[in-house]
């Protein structure tokens, strides 16, 4: 079941704002602060994901242009984690379609018929499942 996510709601209804320099980053940081204060278990889980991904050989982290933390292998993005627990992951289209069909990911909140998929993290999400999905994207890009 897909839960209402603040990040995807902002992206869907206020997408015109993404063209204002730095505004998406500022909004995402505000959402992350909200998560830290009101959903500390989710914030901790997100921190654990970042901590794990940073240990992978060849991975670099940077701020995503629309907010959140972007994970890269060389010059290729494998995904990014928004401040409210929305994880966007890039696969090839066939892999994404299989994962979607098996209810492991959702359609991306903006880019539907692409290799992008979304995973809505909540306080009860399984860390190993999330790491599995990111590792799958990592292996496709490596």
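Numbering (the UniProt record's numbering), first residue to last: 1 to 142.
Idealized CB from N, CA, C, for every residue including glycine.
Small disclaimer: the values here were computed from a predicted structure and weren't measured.
Could you tell me which whole beta strand (DSSP E) segments of length 3 or greater appear in the stretch 48-119?
Taking only runs of at least 3 residues, the beta strand (DSSP E) segments lying wholly in the stretch 48-119 are 59-63, 69-73, 76-81, 86-90.
Are there three or more Cβ pairs, one per stretch, closer than 8 Å when the stretch 119-137 is compared with the stretch 77-88?
In short, these stretches touch, since the Cβ pair count reaches three.
Report buried or exposed for residue 66, applying the criterion of at least 16 other Cβ atoms within 10 angstroms of its Cβ.
Counting from one through the chain shown, the residue named residue 66 turns up at place 66. Buried: at least 16 other Cβ atoms inside 10 Å.
Rounded to a whole number of angstroms, what is the C-alpha to C-alpha distance between residue 69 and residue 113?
Counting from one through the chain shown, the residue named residue 69 turns up at place 69. Counting from one through the chain shown, the residue named residue 113 turns up at place 113. Answer to the nearest angstrom: the Cα atoms are 23 Å apart.
Return the Cβ separation of residue 137 and residue 89 in integer angstroms, given the expectation that the two are a contact with Cβ distance under 8 Å.
Your numbering for residue 137 matches position 137 in the chain shown. Your numbering for residue 89 matches position 89 in the chain shown. That pair is a contact at about 5 Å.
Is it buried or exposed, residue 41, if we count other Cβ atoms within 10 angstroms and call 16 or more buried?
Position 41 of the chain shown, counting from 1, holds the residue named residue 41. Exposed: under 16 other Cβ atoms inside 10 Å.
Does DSSP put residue 29 in a helix, in a strand, or in coil?
To locate residue 29, count along the chain shown from 1; it is residue 29. In the structure shown, residue 29 sits in a helix (DSSP, three-state: H, G or I).
Hey, is residue 23 close to the ligand MG, as in C-beta under 7 Å from one of its heavy atoms?
This structure does not include the ligand MG; it has no bound ligands of any sort.
Give every residue of the same chain whose Cβ lies closer than 7 Å to the Cβ of residue 64, excluding the five residues on either side of it in the sequence, and list them in chain order.
If you number the chain shown from 1, residue 64 lands on position 64. The residues are 70, 80.
Return the first residue and the last residue of the alpha helix (DSSP H) that residue 131 is part of.
On the chain shown, position 131 is the one that residue 131 refers to. Segment 127-141, the alpha helix (DSSP H) holding residue 131.
Roughly how many angstroms lie between the CA atoms of residue 92 and residue 100, to the nearest whole one?
Walking along the chain shown from the start, residue 92 turns up at place 92. Walking along the chain shown from the start, residue 100 turns up at place 100. If I take the Cα positions, the gap works out to 12 Å.
Should residue 118 go down as buried or exposed, given a rule of 16 or more other Cβ atoms within 10 Å for buried?
Position 118 of the chain shown, counted from the start, is the residue given in the question as residue 118. Buried: at least 16 other Cβ atoms inside 10 Å.
In whole angstroms, what separates the C-alpha of residue 132 from that of residue 45?
The residue you call residue 132 lines up with position 132 of the chain shown. The residue you call residue 45 lines up with position 45 of the chain shown. Approximately 15 Å between the Cα atoms of the pair.
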